[in-house]
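Enquirer: Okay, so the sequence shown: first residue is 14 according to this note's numbering, each after it adds one.
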Amino acid sequence: MTSNINGQEKSLWQKFIEGEPIDTSKLKPEVLDSWQRCKGKVNPRKGKNYDIWSAKDVERIKLKYRELIEIAVPAMDNFYNFVKGSGFSITLEAVENNDHFVLEAIGDPSALAMHETSRAVQGSNWSEAVMGTSASAIAVYHDRPFQVHPDEHWCVCLKHCTTSSAPIHDPDTQAIIGTLTVAASYIKVQSHTLGMVVAAVDSIEKQLAVHRLAKKSEIANHFKTVVMECFSDGLIAIDEFNSVIHVNQKALDILGFKQNPIGQNIFGVLNRNFGMINRYRDLAGVINSQESVMDRFVNIQNSGGIIRCVVSTRFLESNGELLGKVLIIQQMSRAAKFVTSALGNYARFTFSDLIGQEQKFLDCIKIGIKVAKTYSNVLVLGESGTGKELFAQAIHNASSRKDQPFFAINCAAIPRDLLGSELFGYVEGAFTGAKKGGSPGKFELADGGTIFLDEIGEMPLDMQTSLLRVLEEKAVSRVGDKGAIPVDVRVIVATNRDLEKEVEIGEFRADLYYRINVVSIELPPLRDRKGDISLLIAHFVKKMAERMETKIDSIAPDVYRNCALYDWPGNVRELQNIIERAVTMVEGNTISSQLFPERLAKLSIDFPHNS
């Protein structure tokens, strides 16, 4: 038997640290392994902890583990209520990079006094590498609950107590993020103490999981909200019971809702905001549809007038179960802009693009610039090919409506029975083949912008009546519908006919003529602009050569001479087409009259005195 200097038998710990052989069967294998890791590295005679972080570092680590602290401390308080007055302390440690830092400690005054003595204070490191064998060190090393008695601890500062500890795991990664340790005098520790620690940790981990799930849900909801607010369209999500579960601000703005309707029945919300169902029947039909709806045009009537929208729906499903649907609501004005962009319905030409120096032509431009600043209807007169649509585009682009849609309609190019639906739109069921949900006409799509009606003299009389009503009431009625939809459209019309004569013979309504003829601009034919022909030739040659990637170095004098001699029945359009033909057919780098049609090429022969 080996005795110490007082005649008492040495403990296993004393023998081990002094290098004497021990009976390892009397030690828990985990404790023995820990002792072996500590030997020669950790001073077993330590009476207190010297590895303590600064106050700044303590605040950093507490901030990092704020979630753990907020959940664990209430659980520690509940635990303490069971053992209060028994000399227990309860410590929460953070585990980071193999270090164990004290975050919080509660307990009886006597127990906490021992903490102060051993300096088990906030920010102190109680890892095995620093303070040797302890319950928390072994619990982390083996990733399971563990209990260490006084004579099993490595450092003398822990020889007065039994420690019971269990690791705390992150609910997502299952990595150890901390430990919960209970310490008390050996005689006060019961066999079920470790079980109580395990139960407390189990509660903490479950609450962490619930908190993390709630946080993820909150983040997901916030993400959905942010995503929904990023859309320029209105979005309303409803569940299978038609209760609103999500709505973005754009939808509230479009529909004019003053309060957020989340949690409320969508039909109740609509009824409160719009009153009678006939005011929102179109939208109700979309919501009730058992099929997905794509780009349905709907009108909603409120106290401020008609809200015109394009609505689509998408079903929300999971494993074949219908969870609800999303309404995608687009204001008609924005839909019109999209259509304008997609179909190229915008004005490209400005007054600076119009080529000419003849005074007659410059006078027309002067009137056009002046009238562009007004809201007056404009009648553009002129022979075919004089550039009436270009002039209309220039007026639009010089007006306050320049960023809004521009629609050009040739009244002679659309069949009589389709012209009404093309201009004014139609409702579902208006005629055989009508699109489900109906379709807006060009007046609706041009709302806020300009509509150019070319060859207005070809418009049938019954259609003239409908157009007059639109101009007078500033509202349009779709084919098959009695309701009127307000529109704000600037109307520019053009014709090569003598409308006054058409009025006299009864082919054109007099009241419509006076309505559209607020300001008239008569474009001169090209034969009256001979001084502009050379400018136009040079412009078109350059334009066509660039488009066809053809190099043209010069234009022969006979080109200018022949073009000046010609009367141009097709006006500027005819000149442009002839130049395009010449640039297409040229084999060298010079444009000559030999590339022109025979009617122009022979002019230099027929009129040699002009050479």
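We put the beta carbon where it would ideally sit given N, CA and C, even for glycine.
(1) Under a three-way DSSP split, which group does S325 fall into?
(2) Do G247 and A264 have their CB atoms nearer than 9 Å?
(3) Looking only at DSSP bridge pairs, what is L466 linked to?
(4) Give me the DSSP bridge partner(s) of N312.
(5) Alpha carbon to alpha carbon, how far is R482 from K449? Give it in angstroms, no decimals.
(6) Taking three-plus beta-carbon pairs below 8 Å as touching, is the region 553-567 in contact with the region 508-518?
(7) Within 10 angstroms of the Cβ of Y527, are there 16 or more other Cβ atoms? Answer buried if so, exposed if not.
(8) Indicate whether L207 and A179 have their beta-carbon atoms separated by less than 9 Å.
(9) Find the nearest neighbour of G191 within the set K172, K219 and V153, judged by alpha-carbon distance.
(10) With a threshold of 8 Å on Cβ separation, who are the neighbours of V531 within its own chain once the five nearest residues in sequence on each side are excluded?
(11) For G433 and chain D, any beta-carbon pair shorter than 9 Å?
(12) Does the count of Cβ pairs from the region 368-375 and the region 429-447 closer than 8 Å reach three?
(13) Throw me the rounded Cβ distance for the I592 and M557 pair, which I believe falls under 8 Å.
(14) Using alpha carbons as the reference points, say which of K379, Q262 and A107 lies closest to E72.
(15) For L634, name the three-state secondary structure that DSSP assigns.
(16) Is A459 closer than 9 Å to P418 when the C-beta atoms are compared?
(17) For Q477, does the three-state DSSP call read helix, strand or coil?
(18) H259 lies in the alpha helix (DSSP H); which residues open and close that run?
(19) Between R612 and the rest of its own chain, which residues show a CB-CB distance below 6 Å, the 5 nearest in sequence each way excluded?
(20) Would you list, in sequence order, the uninterrupted alpha helix (DSSP H) runs of no fewer than 4 residues that lie entirely inside the region 215-287?
(21) Going straight from the alpha carbon of I35 to that of D46, what length do you get?
(22) Which runs of the alpha helix (DSSP H), 4 residues or longer, sit entirely within the region 143-169?
(23) Sorry if obvious, but does the Cβ on I65 come closer than 8 Å to a heavy atom of the ligand ZN?
(24) Contact between the region 125-142 and the region 98-115: three or more CB pairs below 8 Å?
(25) Mapping the DSSP letters down to three states, classify A23 as helix, strand or coil.
(26) Suppose the cutoff is 7 Å on Cβ atoms and the five residues either side in sequence are ignored; what does the same chain contact list for K338 look like?
(27) N138 by DSSP, collapsed to three states: which one?
(28) Compute the beta-carbon to beta-carbon distance between V489 and E457, rounded to the nearest angstrom, for a pair I have assumed lies under 8 Å.
(29) Hey, would you say N332 sits closer than 9 Å to C322, going by beta carbons?
(30) Tell me which residues share the same chain as E218 and place their Cβ nearer than 7 Å to its Cβ, disregarding the 5 neighbours each side in the sequence.
(31) Compare the C-alpha of E31 against each of L40, R309, V96 and P57 and name the closest.
(32) Could you check which residue in T130, R157 and M209 has the C-alpha nearest to that of F95?
(33) In terms of residue numbering, what span does the alpha helix (DSSP H) encompassing H128 cover?
(34) What did DSSP end up calling H182 once you bin it into helix, strand or coil?
(35) Does the beta-carbon distance from S606 to N575 come in below 9 Å?
(36) Out of D511, I319 and W167, point me to the one whose CA is closest to S533's CA.
Expert: Walking through what the data contain:
(1) strand
(2) yes
(3) I422 and V506
(4) Note: N312 sits in a beta bridge opposite R321.
(5) 26 Å
(6) no
(7) exposed
(8) yes
(9) When each option's Cα is compared against that of G191, the closest is V153.
(10) S389, N390, V391 and L392
(11) Here there is only one protein chain, and chain D is not present.
(12) no
(13) 6 Å
(14) Nearest of K379, Q262 and A107 to E72, Cα basis: A107.
(15) Residue 634 lies beyond the stretch modelled for the chain, which goes from 14 to 624, so this question has no answer here.
(16) yes
(17) helix
(18) Per DSSP, H259 belongs to no alpha helix (DSSP H); it is in the beta strand (DSSP E), V257 to V260.
(19) none
(20) Taking 4 residues as the minimum length, the alpha helix (DSSP H) runs contained wholly in the region 215-287 are 262-268 and 279-287, in order along the chain.
(21) 14 Å
(22) Runs of the alpha helix (DSSP H) lying entirely within the region 143-169 and spanning at least 4 residues, in chain order: 148-155.
(23) As presented, the structure is devoid of all ligands, the ligand ZN included, so that no description of it is given.
(24) yes
(25) In the sequence on display, residue 23 carries Lys and not Ala. Coil, per DSSP.
(26) I251, T326, R327, F328 and L329
(27) Strand, per DSSP.
(28) 6 Å
(29) no
(30) Taken in chain order, the residues that qualify are I181, H182 and P184.
(31) The shortest C-alpha separation from E31 is found at P57.
(32) M209
(33) P122 to S131
(34) strand
(35) yes
(36) D511
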